[in-house]
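In my numbering, the protein residues as written are 2 to 140.
C-beta atoms are modelled at their ideal positions from N, C-alpha and C, and glycine is treated no differently.
No experiment lies behind these values; they were computed from the predicted model shown.
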Amino acid sequence: MLLHIVARGKIARTPEGELVERYLKRIAWPTRLTELPETGGRVPEPLAPARTVLLDERGRNLTSAQLADQLGLWRDGGVRETRFVLGAADGHSAAARDSADLLLAFGAATWPHLLARAMLAEQLYRATTIIAGHPYHRA
């Protein structure tokens, strides 16, 4: 299954960008990062079948193991792509939230977009290692 991060803004050569790159390279599953302009630009059409996860403050706070379980269920159920969408500064529209398969939050705090992207990349790496039985995650 393809893990696809879709995010607003260019991360460029920043410490956060280096973290994102480091974790995405470690993931054994296929990955893609699509960067959209701060305004405008369209989210690319997903593969079929696909799932969409929006990072949103209204979302669920999943443990790493719960995220791994969800990704494993989707993968084993034939999902070809899971897209993780980080919205613009004002977040996602109500319509986007309603159509998402999962709203995911990283706690009650508000995180800068670049840091949230790095945190997401690490959690995807951690989830795939949990699924693989790798010792990276120690519960």
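- Judged by beta-carbon spacing, Glu36 lies beyond the 9 angstroms limit of Arg59, meaning their Cβ atoms are not closer than that value.
- In this structure, the straight-line span from the alpha carbon of Val21 to that of Trp30 is close to 15 angstroms.
- Secondary structure within the region 58–132: the alpha helix (DSSP H) runs of 4 or more consecutive residues, fully enclosed, are 65–77, 95–100 (chain order).
- With fewer than 16 other CB atoms across the displayed protein chains lying within 10 angstroms of its CB, Thr40 is exposed.
- In the three-state reduction of the DSSP assignment, Arg139 falls in the coil class.
- Looking at the DSSP output, Ile6 shares a beta bridge with Leu34, Phe85.
- The beta-carbon distance between Thr83 and Arg52, rounded to whole angstroms, is 5 angstroms. This is short enough to meet the 8 angstroms contact definition.
- Take the alpha-carbon of Leu4 and the one of Phe85: they are about 8 angstroms apart.
- If you draw a 10 Å sphere on the C-beta of Tyr126, you find 16 or more other C-beta atoms in it, and that means buried.
- For Gly18, the enclosing alpha helix (DSSP H) starts and ends at 16–27.
- Separation of Asp57 and Gly92 (C-alpha to C-alpha, rounded to the nearest whole angstrom) is 7 angstroms.
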